[in-house]
Each structure stands twice: as structure tokens, then as C-alpha cells.
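Each remark here refers to the structure printed beneath this line.
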Amino acid sequence: MFAQLKSLFSNDIGIDLGTANSLVYVRDQGIVLREPSVVAIQAGTTNVLAVGEEAKRMLGRTPGNIVAIRPMKDGVIADFEITEAMLRHFIQKVHHRKLIAPRVVVAVPSGITEVEKRAVKDSATHAGA
């Protein structure tokens, strides 16, 4: 009952976290976001400065105190905190309701381990899913 009620007020979101690009699908809207899987952070911190296309534009054009990171490697999470920040950015960009979290499905490669699956699930949960 609660799940049916929640579906009336929440978005159903599908996220494909790719090594090079990430796609975000929203039910009844199709693919609404296609951005590079890149996050720009301040060097020596986890302070996120930009995500996706904006972060990719910074590659090679930024001062030494800004580092561009690809948090996915071979389809799995290589950097948990940065992946979480990237997921949060993608979810906030397409889900504008603050009170009810979206229902989110994240695509993962078929050959990943249980630990890697758990990392994806935890990242999505911490990101607001």
C-alpha cells in the first residue's frame, strides 16, 4: 500500500553508471541525462567542485589544485565517496521533490561481486535514493 502511494509522488529513476558515461532514465520521460562519469574535486580533499559535463570541460584546463576523477573503473566503483557524490548530483538534477526520495534502480555489470553490488547499493542509498 505504502509503495503504491509513494509511486504517485516519487520518480522512478534508472541509472546506468558507466566507466565513461552515465545515463539517467526517468519513467514516462525516457533518458533525461547523459553525462560523462567525471567528478572534479579540490586536490587533497573530497570537496566536489563539478560533476559530469562541467567536470569534463575542466580536464586539462584546471589549475593544479583541481583534480578530475573517474570514480568508475571497468563498470565497478573505484572511489566510493566520489561515486556517491556523482549519484547525488544526478538524482538531484532529475528529482525535484524534497520530501519523498525517488525509487532508484542502478545497472551493474553481471560479473561483479557481492561486495561491489553492496557498494553500489550503499552509494545510491547515501545519495538519496
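Heads up: the sequence shown is residues 2 to 130, going by this note's numbering. The beta carbon of each residue, even a glycine, is placed where N, CA and C say it ideally should be.
Length-filtered (3 minimum) beta strand (DSSP E) runs lying within the stretch 23-93:
31-37, 40-43, 49-52 and 67-70
So the candidates are I14, L18 and P64; which of them puts its Cα closest to the Cα of T84?
L18
Whole angstroms are fine: how far does the CA of A102 sit from the CA of T126?
10 Å
What is the rounded straight-line gap between the Cα of D80 and the Cα of H96?
24 Å
Between the Cα of T47 and the Cα atoms of M87, L100 and G129, which residue gives the shortest distance?
M87
Buried or exposed, going by whether 16 or more other CB atoms sit within 10 Å of the CB of S111?
exposed
Beta-ladder partner(s) of A128, from DSSP
Note: A128 sits in no beta bridge, so no partner.
What first and last residue would you give for the beta strand (DSSP E) that runs through G135?
Residue 135 cannot be examined here, being either before or after the span of the chain that is shown, 2 to 130.
Under the rule that 16 or more other beta-carbon atoms within 10 Å means buried, what is K74, buried or exposed?
exposed
State yes or no: is the C-beta of R35 within less than 8 Å of the C-beta of L24?
yes
DSSP state of V109, grouped into three classes?
coil
Since R104 sits in a beta bridge, which residues does DSSP pair it with?
D13
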